[in-house]
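Here's the structure we're looking at; comments come further down.
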Amino acid sequence: MQQKTVSLVLGSGGARGLAHIGVIRWLEENGYRIKSISGSSMGALVGGIHAIGKLDEFEQWVRAVTKSDMVKLLDLSLGTDGLFKGGKIIDTLKELVGDSRIEDLPIKFTAVASNISRAREVWFDQGPMFDAIRASISLPIIFTPYNHNGEDLVDGGILNPVPIAPTFSDHSDMTIAVNLTGRPIDDPESLFLPDTVEETSPLSSSVSEFFSKVRNSIPKSGINIKAYDVVHQSFETMQGTIARQKIAAYPPDHVLEVPKNLCMILEFDKAVPLIRYGYELAARELPAVFD
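The numbering of the sequence shown is the numbering used here, which starts it at 105 and goes up by one.
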């Protein structure tokens, strides 16, 4: 029996993007071939690493990274255009999974970034993978912009949090979009209670400490924490609105909706249950689509 092919659209949404791993796992385990991936921000990171063929290594790392590893990823920027340069994160991931040119990969891949000075999307479908990922994850305030051909690029979710358009010419059997800004659910914390997590990861303590350092550094950088929270909430609201518009304008065959309040944008300490959530979401909704 010939495998059904899937064009996978992976949305932006910070730590919630770890749910993408679970969706990919379900598709692989159930015999579907991912023909192409289009991603913004965390969707570009997870999708790009899968396209390289190293999702196993990344998942193992994100579940079990040590406290000292996380501390090493702090590369404070001395400028005013972002708290962190992001270079150490990218270098760490390169060491973990290697780098490849996008055009040489067996899976078609597109990472989306935003050129806000020109108010347009920038699609990376060739060139070094981690240049594309670095551009796409340049979340304003957190990371400094990525300079590409003399122009600054920021997070792809600014203009297109669910980049469906790059899949238009794929001719796959099914296009599935994973939207990380879905309707909120009641009591999301119940999903992360200790007795609902099958395994313990050192990531919980290390990443929590890491991001407390991030937040503690904000006033030192001249940014008020309350102001940061307002910016963050505004960004999330904007992403949700744009995502709904994109999905309505270019409807995929199916949309998996991850609640926007499932976790905060920087809560990478919830990797284990977030991955499980993505897997269970796919298992719950996709079999009916493929029947």
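Note that CB positions come from ideal geometry on N, CA and C, so glycine has one too.
Can you round the beta-carbon distance between residue i and residue j to whole angstroms, since I take them to be within the 8 Å contact cut?
i	j	result
leucine 284	glutamate 225	18 Å between Cβ atoms; not a contact.
valine 113	serine 142	5 Å
leucine 385	valine 362	7 Å
glycine 260	serine 144	3 Å
tryptophan 130	tyrosine 381	About 11 Å separates the two Cβ atoms, so there is no contact after all.
isoleucine 246	alanine 148	Contact flag wrong, Cβ pair sits at about 15 Å.
glutamine 107	glycine 135	6 Å
Buried or exposed for residue i, please, with buried defined as at least 16 other CB atoms from any protein chain shown within 10 angstroms of its CB.
i	result
phenylalanine 272	exposed
aspartate 290	exposed
alanine 347	buried
alanine 392	exposed
glycine 151	buried
isoleucine 329	In this prediction, isoleucine 329 scores a pLDDT of 47, lower than 50, which makes its location untrustworthy; no coordinate-derived value is stated.
lysine 192	exposed
arginine 388	exposed
isoleucine 341	What sits at residue 341 in the sequence shown is threonine, not isoleucine. So threonine 341 ends up on the exposed side.
glutamate 92	Since the first and last residues shown for the chain are 105 and 395, residue 92 lies out of range.
glycine 126	buried
alanine 397	Absent from the model: residue 397. The displayed extent of the chain is 105 to 395, so no value can be given.
histidine 124	buried
glutamate 163	buried
According to DSSP, what are the bridge partners of residue i?
i	result
serine 142	Val113 and Thr214
histidine 358	Ile280
proline 232	Arg205
valine 150	Partner(s): none; valine 150 has no beta bridge.
glycine 286	Pro363
tyrosine 250	Leu257
arginine 224	Asn219
arginine 137	Thr109
If you drop the 5 nearest sequence neighbours on each side, which residues of the same chain put their C-beta closer than 6 Å to that of residue i?
i	result
glutamate 161	Leu200 and Val201
serine 312	Its pLDDT being 48, under 50, serine 312 is placed unreliably in this model, and the value from its coordinates should be taken loosely. The residues are Asp373.
threonine 279	Ser111, Thr271, Pro356 and Asp357
leucine 209	Ala155
isoleucine 128	His154
serine 294	none
phenylalanine 296	Lys374 and Pro377
lysine 158	Val201
threonine 214	Ser142, Trp227, Asp229 and Pro270
isoleucine 379	Leu122, Ile125 and Gly126
proline 408	In the structure displayed, the chain extends from 105 to 395; residue 408 sits before or after that span and is not available.
tryptophan 165	Leu200
tyrosine 250	Arg238, Ala239, Ser242 and Leu257
glutamate 132	none
Starting from the C-beta of residue i, find all residues in its chain whose C-beta is less than 7 Å away, skip the five residues before and the five after it, and write them out in chain order.
i	result
proline 456	Residue 456 is absent from the structure shown; the chain starts at 105 and stops at 395.
proline 244	Val258 and Asp259
glutamate 371	Ala119
glycine 344	Thr285 and Lys364
serine 276	Thr109, Val110, Ser111, Lys139 and Ser140
lysine 198	Phe234
Grab me the residues of residue i's own chain with a C-beta within less than 8 Å of its C-beta, minus the 5 sequence neighbours each way, in chain order.
i	result
isoleucine 351	Val266, Ile268, Ala281, Asn283 and Val359
glutamate 255	Asn219, Ser221 and Arg222
isoleucine 211	Ile138, Lys139, Ser140, Ile141, His154 and Ala155
proline 288	Pro363, Lys364 and Asn365
histidine 252	Ala217, Val226, Asp235 and Ala239
isoleucine 194	Phe234, Ile237 and Arg238
Inset, instruction - Assess, as a yes-or-no matter, whether the region 363-371 is touched by the region 118-125 under the definition of 3 or more beta carbon pairs within less than 8 Å. - result: yes
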